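Counted the way the working numbering counts, the sequence shown spans residues 1 to 451.
Report on the following structure.
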Amino acid sequence: MARNDKTQVTALIDDLPAFSRQRGGGVFVVLKGPDRGETVSVTDQPVFFGSAPACELVLTDKTVSRRHLLAVPDGATMILKDQGSTNGSFVQGSRFKEITIGYGAEFKVGRTLIKYLPEEEVVEPSPSEETSFGQLIGSSTKMRQLFNLLKDVAVTDATVLIEGETGTGKELIAEEVHNHSKRRDGPFIVFDCGSVPRELIESALFGHVKGSFTGAVGDRRGAFAEADGGTIFLDEIGEMLLDLQPSLLRVLDKRAVRRVGSNTYDAVDVRVVAATNRDIRQEVAAKKFREDLYYRLAVIRVSVPPLRERGADIPTLVEHFMRSFMPEGATVQAPAEDMARLQRHSWPGNVRELRNVMERAVLLSQGGSLNLDDAFSEDVAPSLGIRTDLPFKEAKGQLVEHFEREYIVDLMRRHKMNLSAAAREAQIDRKHLRELIRKYDLDPRRGDDDE
1 MARNDKTQVT ALIDDLPAFS RQRGGGVFVV LKGPDRGETV SVTDQPVFFG SAPACELVLT
61 DKTVSRRHLL AVPDGATMIL KDQGSTNGSF VQGSRFKEIT IGYGAEFKVG RTLIKYLPEE
121 EVVEPSPSEE TSFGQLIGSS TKMRQLFNLL KDVAVTDATV LIEGETGTGK ELIAEEVHNH
181 SKRRDGPFIV FDCGSVPREL IESALFGHVK GSFTGAVGDR RGAFAEADGG TIFLDEIGEM
241 LLDLQPSLLR VLDKRAVRRV GSNTYDAVDV RVVAATNRDI RQEVAAKKFR EDLYYRLAVI
301 RVSVPPLRER GADIPTLVEH FMRSFMPEGA TVQAPAEDMA RLQRHSWPGN VRELRNVMER
361 AVLLSQGGSL NLDDAFSEDV APSLGIRTDL PFKEAKGQLV EHFEREYIVD LMRRHKMNLS
421 AAAREAQIDR KHLRELIRKY DLDPRRGDDD E
């Protein structure tokens, strides 16, 4: 068991990759003390902490005993055992002789602060040769990479956390993970964590027994029990109140549920897929989401790109939606100028918004041509509309990205994709301009053209 300097420590990295997974082992990281930054990876073997050279994590802190603390793996948790140290071992200021911890826990030996984290590795899947994965459609590199990742993930029982803006298709992704898994013949249960009243959420998730509270006129199974043998999709997991999160964590750890009013646990065989449109790592930093719960959910972490970052998918999606909504025997064409207009739009509502626009455009079409003007006028926000229904940071980010895309599209069009001339007029570095062109998938083949 040796130090691993290449270990990617989730809590110390702000900009995580779009696709990542936990290796299956953990890592102890020194956060404070003379040995700050030192790490030791663990698998199924005990780890000794101390100043003695034979320890797996050797500490130079003079307040640490030679064999200060022993960590013993116990499934997804670690049992910490103080070895009779002089200055003691502490969790949250309380001295302990023996304690069980999970991912995200911090403890002190002497004056040294140590944290236990999952080891995470970047997953860089090669793009699939297919432009679909079940009901998911996309020809861009990002989506075809996602398809290959989902294909590999689906056959496992790993817990998955899907991150992405509203309308990017997170529920559809969860459903296809289920449909491509060995649980495909079992139930797929959707539970929206943001739509259930606070006082009813434990009952709705875990069930209750008759008489356990006012209104409990009979027994109820709960969403986890209903998903037994299949998959439960916890949508908008970031909306779950902090004081309710320990109950969910216990279910994930025990794979058993205790109904409200019951004294016993019932085993459940359930795969968990969760989704959120929030930045859960920021929620963890703000103490609004439990760190240990985050790590239990993010065994596989998938970030779904917004539609404005994968413009190459729009023609494919437009053709798909036109076929879906056209009456039998009818034909509708999307002229080049209409397609260009659709690709220029920022799509704050993502694929869901595109689908709605295309449905109206096809239904309102005349003479075999799309009626985009009326379709857009229904409820599509103005090209620089401000989304007051979103958190400030997310709304601001969407507005900035929309401006960047509109500016770069017009700039490169006027300069006929001449990178050097466009960069001079915009007074920005060529490298930065090239990155913007690639970010918005505008014309990756010609983004490097010179004069």
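Heads up, the beta-carbon is just placed ideally off N, CA and C, and yes, glycines get one too.
Please read all numbers here as calculations on a predicted model, not as lab measurements.
Judged by beta-carbon spacing, R271 lies within the 7 Å limit of R183, meaning their Cβ atoms are closer than that value.
With fewer than 16 other CB atoms across the displayed protein chains lying within 10 angstroms of its CB, L241 is exposed. Secondary structure of G75 (DSSP, three-state): coil. Taken in chain order, the whole alpha helix (DSSP H) runs of length 4 or more contained in the region 43 to 127 number zero. When the beta-carbon positions are compared, N87 and G134 stay at least 7 Å from each other. When the beta-carbon positions are compared, I189 and E226 come within less than 7 Å of each other. In this structure, the CA atom of R67 is about 18 Å from the CA atom of V42. A check of alpha carbon separations from P127 across L136, Q145 and I408 identifies Q145 as the nearest.
Taking C-alpha positions only, R424 is separated from M417 by approximately 13 Å. Judged by beta-carbon spacing, V30 lies within the 7 Å limit of R36, meaning their Cβ atoms are closer than that value. Look at D269 here: in three-state DSSP terms it is coil, with no helix or strand label. Inter-segment contact for the region 102 to 116 and the region 285 to 294 is present: three or more beta-carbon pairs are separated by less than 8 Å. Only buried fits H345, as 16 or more other CB atoms lie within 10 angstroms of its CB. Taking C-beta separations shorter than 8 Å and ignoring five residues to either side along the sequence, the partners of F325 in its chain run M358, E359, V362 and L363, following chain order. Using a Cβ distance threshold of 7 Å, R198 and H208 do not count as a contacting pair. Around the Cβ of D235, a 10 Å sphere holds 16 or more other Cβ atoms; the residue is buried.
DSSP places H432 within a helical segment (H, G or I) once states are collapsed to three. The three-state secondary structure of E239, taken from DSSP, is helix.
Sorting K62, K97, V155 and V40 by C-alpha distance to the C-alpha of Y116 places V40 at the top.
DSSP places V160 inside the beta strand (DSSP E), whose first and last residues are V160 to E163. Within the region 170 to 243, the beta strand (DSSP E) runs of at least 3 residues that lie entirely inside it are, in chain order, 188 to 192 and 231 to 235.
For V351, no beta strand (DSSP E) segment is defined; the enclosing uninterrupted segment is the alpha helix (DSSP H) at N350 to L363. Partner residues in the beta bridge of S303, as assigned by DSSP, are E163.
When Cβ pairs closer than 8 Å are counted between the two stretches, the region 275 to 284 is seen to touch the region 159 to 175, the count reaching three or more. Counting along the chain, D253 sits inside the alpha helix (DSSP H) bounded by residues Q245 to K254.
Taking a cut-off of 8 Å on C-beta distances, the region 62 to 78 does not touch the region 139 to 156, as fewer than three cross pairs fall below it. As a beta-bridge residue in DSSP terms, I137 pairs with S132.
Beyond the five residues adjoining it in sequence on each side, T141 comes within less than 6 Å, by CB distance, of P127 in the same chain, given in chain order.
In the same chain as E98, and ignoring 5 residues on each side of it, the C-beta atoms closer than 8 Å to its own belong to I79, L80, K81 and D82, in chain order. Secondary structure in the region 274 to 352: the alpha helix (DSSP H) runs of 4 residues or longer, each lying completely within the stretch, are 280 to 285, 291 to 297, 313 to 325 and 336 to 344 in chain order. Only residues of its own chain outside the window of five on either side were considered, and among them A154 have a CB closer than 6 Å to the CB of S181, listed in chain order.
Nearest in C-alpha terms to G50, of all of A76, R111 and F96, is R111.
Look at L31 here: in three-state DSSP terms it is strand. Residue pairing for G26: DSSP places it in a beta bridge opposite V42 and P118. Residue state for S262 is assigned as coil, using DSSP reduced to three classes.
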